[in-house]
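Enquirer:
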Amino acid sequence: MREYSRTQNAAINTLTSSIMQIVNVILGFISRTIFIHLLSSDYLGVNSLYTNILTVLSFAELGIGNAIVFSLYKPIANHDKSKIQALMTLYKKAYQLIGGVIFALGLCVIPFMRYLIKDAPDIKENIILIYILFLLNTSVSYLYSYKKTLITANQKDYIVQLYTRAFQLIQIVLQSIFLLLTHEYIIYLIIHIVCTVGQNIVLSIKADKMYPFIAEKNDNKLSKEETNSIFDNVKALFVYKFGSVILNGTDNIIISSIINVATVGIASNYTMLMNNVTNIISGAINSLTASVGNLSVKGSKEQIRSIMHQLLMICVWLYGFIGICFFVLANEFVELWIGPKYLLDQSVVFAILFSIYINGVQYAAYTFRTTQGLFIQSRWVPMISAIINIILSVWWGKTIGLSGIFIATGISRLLTTTLVDPWLVYKNNFSKKPFEYYFKYFAESLAVVINGLIQYWLIGLVPITGWIGFFVKVIIVSITANVVFLIELGWTKDFRNLVNRVAPSFRKG
Numbered sequence: 001m002r003e004y005s006r007t008q009n010a011a012i013n014t015l016t017s018s019i020m021q022i023v024n025v026i027l028g029f030i031s032r033t034i035f036i037h038l039l040s041s042d043y044l045g046v047n048s049l050y051t052n053i054l055t056v057l058s059f060a061e062l063g064i065g066n067a068i069v070f071s072l073y074k075p076i077a078n079h080d081k082s083k084i085q086a087l088m089t090l091y092k093k094a095y096q097l098i099g100g101v102i103f104a105l106g107l108c109v110i111p112f113m114r115y116l117i118k119d120a121p122d123i124k125e126n127i128i129l130i131y132i133l134f135l136l137n138t139s140v141s142y143l144y145s146y147k148k149t150l151i152t153a154n155q156k157d158y159i160v161q162l163y164t165r166a167f168q169l170i171q172i173v174l175q176s177i178f179l180l181l182t183h184e185y186i187i188y189l190i191i192h193i194v195c196t197v198g199q200n201i202v203l204s205i206k207a208d209k210m211y212p213f214i215a216e217k218n219d220n221k222l223s224k225e226e227t228n229s230i231f232d233n234v235k236a237l238f239v240y241k242f243g244s245v246i247l248n249g250t251d252n253i254i255i256s257s258i259i260n261v262a263t264v265g266i267a268s269n270y271t272m273l274m275n276n277v278t279n280i281i282s283g284a285i286n287s288l289t290a291s292v293g294n295l296s297v298k299g300s301k302e303q304i305r306s307i308m309h310q311l312l313m314i315c316v317w318l319y320g321f322i323g324i325c326f327f328v329l330a331n332e333f334v335e336l337w338i339g340p341k342y343l344l345d346q347s348v349v350f351a352i353l354f355s356i357y358i359n360g361v362q363y364a365a366y367t368f369r370t371t372q373g374l375f376i377q378s379r380w381v382p383m384i385s386a387i388i389n390i391i392l393s394v395w396w397g398k399t400i401g402l403s404g405i406f407i408a409t410g411i412s413r414l415l416t417t418t419l420v421d422p423w424l425v426y427k428n429n430f431s432k433k434p435f436e437y438y439f440k441y442f443a444e445s446l447a448v449v450i451n452g453l454i455q456y457w458l459i460g461l462v463p464i465t466g467w468i469g470f471f472v473k474v475i476i477v478s479i480t481a482n483v484v485f486l487i488e489l490g491w492t493k494d495f496r497n498l499v500n501r502v503a504p505s506f507r508k509g
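Quick note on numbering: the sequence shown equals residues 1 to 509 in our numbering.
#1: Considering only C-alpha positions, which residue in the set W380, V25, H183, S478 is nearest to L247?
#2: Between A365 and D421, how many whole angstroms is the CB-CB distance? I'm expecting something under 8 Å.
#3: Here's the rule: buried if 16 or more other CB atoms are within 10 angstroms of the residue's CB, otherwise exposed. What is T196?
#4: Is it buried or exposed, P212, if we count other Cβ atoms within 10 angstroms and call 16 or more buried?
#5: How close, in whole Å, do the beta carbons of M308 and L489 come, if the pair is a contact with beta carbons under 8 Å?
#6: Would S204 and K147 qualify as a contact pair, given that the criterion is a beta-carbon distance under 8 Å?
#7: Looking at C-beta atoms only, is the number of pairs between the region 180 to 192 and the region 35 to 55 that lie closer than 8 Å three or more?
#8: Report the residue from Y357, T492, K440 whose alpha carbon sits nearest the alpha carbon of L410.
#9: Find the nearest neighbour of G45 within the set N276, R501, F435, I259, judged by alpha-carbon distance.
#10: With a threshold of 16 other CB atoms inside 10 Å of the CB of E499, please say whether the residue is buried or exposed.
#11: Give the range of the alpha helix (DSSP H) segment to which G410 is assigned.
#12: Okay, do the region 433 to 444 and the region 457 to 473 touch, 3+ Cβ pairs below 8 Å being the bar?
#13: So, using beta-carbon positions, are C315 and V361 closer together than 8 Å?
#14: Excluding five sequence neighbours on each side, which residues of the same chain lie with their C-beta closer than 6 Å to the C-beta of A408?
#15: Would the region 161 to 181 count as touching the region 221 to 229 if we require 3 or more Cβ pairs under 8 Å?
#16: Smallest Cα separation from I190: which of R496, V334, L133, T250?
#17: Please determine, among K209, N275, Y73, Q85, the residue with the shortest C-alpha to C-alpha distance to I22.
#18: I'd like the list of long-range same chain contacts for I187, defined as Cβ closer than 7 Å, with 5 residues on each side in sequence excluded.
#19: Could you spell out where the alpha helix (DSSP H) holding P422 opens and where it closes?
#20: Compare the Cα-Cα distances from F368 to each of V462, V261, V292, I459 and report the closest residue.
#21: Relative to the alpha-carbon of I76, which residue among K156, V234, V25, V109 has its alpha-carbon at the smallest distance?
#22: Kindly indicate which three-state DSSP category W395 falls into: helix, strand or coil?
#23: For L72 and N429, I'd like the C-alpha separation in whole angstroms.
#24: Going by beta carbon distance, what residues of the same chain come within less than 7 Å of I405, once the five residues before and after it are set aside?
#25: Which residues in the same chain as L374 place their Cβ atom closer than 8 Å to its Cβ, once the five residues preceding and following it in sequence are excluded?
#26: Helix, strand or coil, according to DSSP, for Y50 in the structure here?
#27: Taking the C-alpha atoms as reference points, what is the distance between Q346 and G243?
#28: Around the C-beta of I151, are 16 or more other C-beta atoms found within 10 angstroms, so that it is buried, or is it exposed?
#29: For the alpha helix (DSSP H) that contains S204, what are its first and last residues?
#30: What is the DSSP secondary structure of F435, reduced to helix, strand or coil?
#31: Considering Cα atoms alone, identify which of V462, T263, D232 is closest to S403.
#32: How many angstroms separate the CA atom of T399 from the CA atom of L343?
#33: So, is V462 buried or exposed, given that buried needs 16 or more other C-beta atoms within 10 angstroms?
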């Protein structure tokens with residue numbers, strides 16, 4: 001297989017991830033439309049609630065995945081096959097155990113299910129059976145999945161993306177067909193499980209073909225020092241992961257317990273809209289992780305600092321653009337798509353985009369922190385963020401309403417991970433405080449706010465309604481928002497460095 005440079009690998013990974021995610025966004029909209037028209041908002045609510053519950057239970061993963069991926073960067077760079085074999089053996093055993101632990105913990109939640117749902121949903125299926133199918137899908141997702149980590153760590157994430165998105169495409173098509181033919185939600189869930197297992201098996205076979213040495217019998221073991229180092233990181237990541245899943249997985253649970261499960265379903269349409277598009281961005285950024293890991297091993301401090309600033313600007317630009325589009329166009333799209341009864345107040349729309357923007361932009365510092373193995377130093381940050389989030393979400397959920405819950409999530413991240421991750425990266429690499437990074441973050445975010453106000457004013461001038469009017473507005477915002485960003489950010493050193501870095505890779509092909 002042809003070897004590419006770090007920048008070329010990053011470009012291929014990013015492009016592949018983006019294209020495949022766009023395909024799945026389109027198919028996802030088709031699937032969600034069929035789901036909404038054939039089933040009720042209660043089904044949507046149950047779907048979103050159980051997804052959140054299983055997100056919380058996934059803390060059993062312990063963060064061992066991140067720890068071993070970090071441990072793979074150096075042996076991959078040094079072509080140390082015996083070390084890779086030892087790491088993969090450890091990874092296999094760990095993930096088999098984790099899948100079983102998650103299933104066991106999930107079963108323990110069943111007796112408490114009635115406390116998580118304020119009003120019983122109006123659906124014909126048994127909600128416990130539905131939950132068990134969700135639980136089974138999460139548990140089996142850990143089978144055979146350890147091998148794809150080697151592909152990703154070796155800067156070949158575009159291969160994982162192609163297979164993953166292909167199976168998601170198959171899943172969405174099959175689910176939509178069977179939902180149209182049978183209206184049976186249980187079959188819908190079973191298809192998801194089958195596709196999850198199929199994806200992992202096929203990727204496992206692909207990894208064996210790419211790296212045949214991992215299938216060879218061997219007695220390679222990690223040294224005691226190496227094992228201790230990994231488990232020190234795992235222990236730190238367990239605390240980090242536990243806090244993260246509470247932070248990321250409680251919004252729908254709080255909405256369900258304070259308001260009702262139907263509202264979870266309605267809000268999930270908006271979060272799906274925002275997440276489907278931002279997943280294109282996050283997938284592209286995640287595809288850069290192995291390249292950043294390689295940079296952290298081989299690059300100079302000035303290279304690390306420059307690329308970190310460039311990645312921050314990319315995150316602000318992309319998440320800012322999506323946030324602006326969401327704010328000025330989301331309600332109009334939802335009304336045209338599924339009708340006015342599914343609309344949320346504009347304040348809730350802003351709260352959702354605020355939370356997702358804060359989470360998205362922090363990817364810049366987060367990517368550098370994780371690829372440099374700064375797990376122990378950051379282990380308590382998500383826990384603190386989760387505590388702040390729960391307190392504010394319950395308080396503001398009861399006093400302000402739905403928007404208060406989403407705003408609380410964004411504020412809790414802003415006060416913790418947004419500040420701490422760059423601090424740790426700067427301290428580890430540059431031995432100074434990250435005030436220049438904070439300045440760039442807030443100055444560039446101010447540019448997003450100014451741009452958003454301009455777009456809101458412009459869209460208000462467009463008199464055309466209906467789908468034609470919507471697409472006209474999409475074109476206007478897509479052009480003018482990026483022109484404004486180019487005016488605001490195009491003169492910066494980070495923008496020039498980014499252009500100079502990316503352009504040669506495309507000229508080489």
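Where is the CB? At the ideal position from N, CA and C, for every residue including glycine.
Expert: Answer, in terms of the structure:
#1: One-based indexing of the sequence shown puts residue 247 at position 247. Taking each of W380, V25, H183, S478 in turn and checking the Cα distance to L247, the smallest one comes out for W380.
#2: Start at 1 with the first residue of the sequence shown, and residue 365 comes out as number 365. Start at 1 with the first residue of the sequence shown, and residue 421 comes out as number 421. Taking 8 Å as the upper bound for CB-CB distance, A365 and D421 are in contact here, some 4 Å apart.
#3: Here the question's residue 196 lines up with position 196 in the sequence shown. Counting the other CB atoms within 10 Å of its CB gives T196 a total of 16 or more, which places it among the buried residues.
#4: The sequence position of residue 212 within the sequence shown is 212, counting from 1. In the assembly as shown, P212 is an exposed residue. Its beta-carbon has fewer than 16 other beta-carbons within 10 Å.
#5: Sequence index remark: in the sequence shown, residue 308 carries index 308 (1-based). Sequence index remark: in the sequence shown, residue 489 carries index 489 (1-based). That belief does not hold up - the Cβ atoms of M308 and L489 are roughly 16 Å apart, past 8 Å.
#6: Along the sequence shown, one-based indexing puts residue 204 at 204. Along the sequence shown, one-based indexing puts residue 147 at 147. Result yes, Cβ atoms of S204 and K147 sit closer than 8 Å.
#7: Yes, since at least three Cβ pairs between the region 180 to 192 and the region 35 to 55 fall closer than 8 Å, the two stretches touch.
#8: What you label residue 410 is simply residue 410 of the sequence shown in a count that begins at 1. The residue asked about is misnamed: residue 410 is Gly in this sequence, not Leu. Comparing Cα-Cα distances from G410 to each of Y357, T492, K440, the minimum goes to Y357.
#9: Within the sequence shown, residue 45 is the residue found at index 45, counting from 1. Ranking the options by Cα distance to G45, first place goes to I259.
#10: Here the question's residue 499 lines up with position 499 in the sequence shown. Inspection of the sequence shows that residue 499 is occupied by Val rather than by Glu. That one is exposed.
#11: For the purposes of this step, residue 410 is taken as the residue at position 410 of the sequence shown. Start and end: 402 to 414.
#12: Not touching, per the Cβ criterion.
#13: One-based indexing of the sequence shown puts residue 315 at position 315. One-based indexing of the sequence shown puts residue 361 at position 361. Contact: yes.
#14: In the sequence shown, the residue the question calls residue 408 occupies position 408. Taken in chain order, the residues that qualify are N389, L392, S393, W396.
#15: Verdict: no, contact absent.
#16: Within the sequence shown, the letter at position 190 stands for residue 190. Taking only the C-alpha atoms, the option nearest I190 is L133.
#17: Taking the sequence shown and counting its residues from 1, one reaches residue 22 at position 22. When C-alpha distances from I22 are compared across K209, N275, Y73, Q85, the shortest belongs to N275.
#18: Numbered from 1 along the sequence shown, position 187 holds the residue referred to as residue 187. F178.
#19: Reading the sequence shown from its first residue, position 422 is the one you call residue 422. P422: member of the alpha helix (DSSP H) spanning 417 to 429, first to last residue.
#20: Here the question's residue 368 lines up with position 368 in the sequence shown. Nearest in C-alpha terms to F368, of all of V462, V261, V292, I459, is V292.
#21: Along the sequence shown, one-based indexing puts residue 76 at 76. Of the listed residues, the one whose Cα sits closest to I76 is K156.
#22: Here residue 395 corresponds to residue number 395 of the sequence shown, with the count starting at 1. In this structure, W395 counts as helix in the three-state DSSP scheme.
#23: Position 72 of the sequence shown, counting from 1, holds the residue named residue 72. Position 429 of the sequence shown, counting from 1, holds the residue named residue 429. Taking the straight line joining both Cα atoms gives about 21 Å.
#24: Within the sequence shown, the letter at position 405 stands for residue 405. Excluding sequence neighbours, I405 sits near D251, I254, I255, S393, W396, G397.
#25: The residue labelled residue 374 in the question sits at position 374 within the sequence shown. Answer for L374: L424, V425, N428, listed in chain order.
#26: Position 50 of the sequence shown, counted from the start, is the residue given in the question as residue 50. If DSSP states are grouped into helix, strand and coil, Y50 belongs with the helices.
#27: Residue mapping note: residue 346 aligns to position 346 of the sequence shown, counting from 1. Residue mapping note: residue 243 aligns to position 243 of the sequence shown, counting from 1. Counting only the Cα atoms, G243 lies some 30 Å from Q346.
#28: The sequence position of residue 151 within the sequence shown is 151, counting from 1. Around the beta carbon of I151, 16 or more other beta carbons lie within 10 angstroms, which makes this residue buried.
#29: Looking up residue 204 in the sequence shown gives position 204. Run containing S204: 185 to 210, per the alpha helix (DSSP H) assignment.
#30: Taking the sequence shown and counting its residues from 1, one reaches residue 435 at position 435. DSSP places F435 in the helix class (H, G or I) of the three-state scheme.
#31: Here residue 403 corresponds to residue number 403 of the sequence shown, with the count starting at 1. Measuring from the Cα of S403, the nearest candidate turns out to be T263.
#32: Stepping through the sequence shown from its first residue, residue 399 is reached at position 399. Stepping through the sequence shown from its first residue, residue 343 is reached at position 343. Rounded to the nearest angstrom, the two C-alpha atoms are 21 Å apart.
#33: Looking up residue 462 in the sequence shown gives position 462. Under this definition V462 is an exposed residue.
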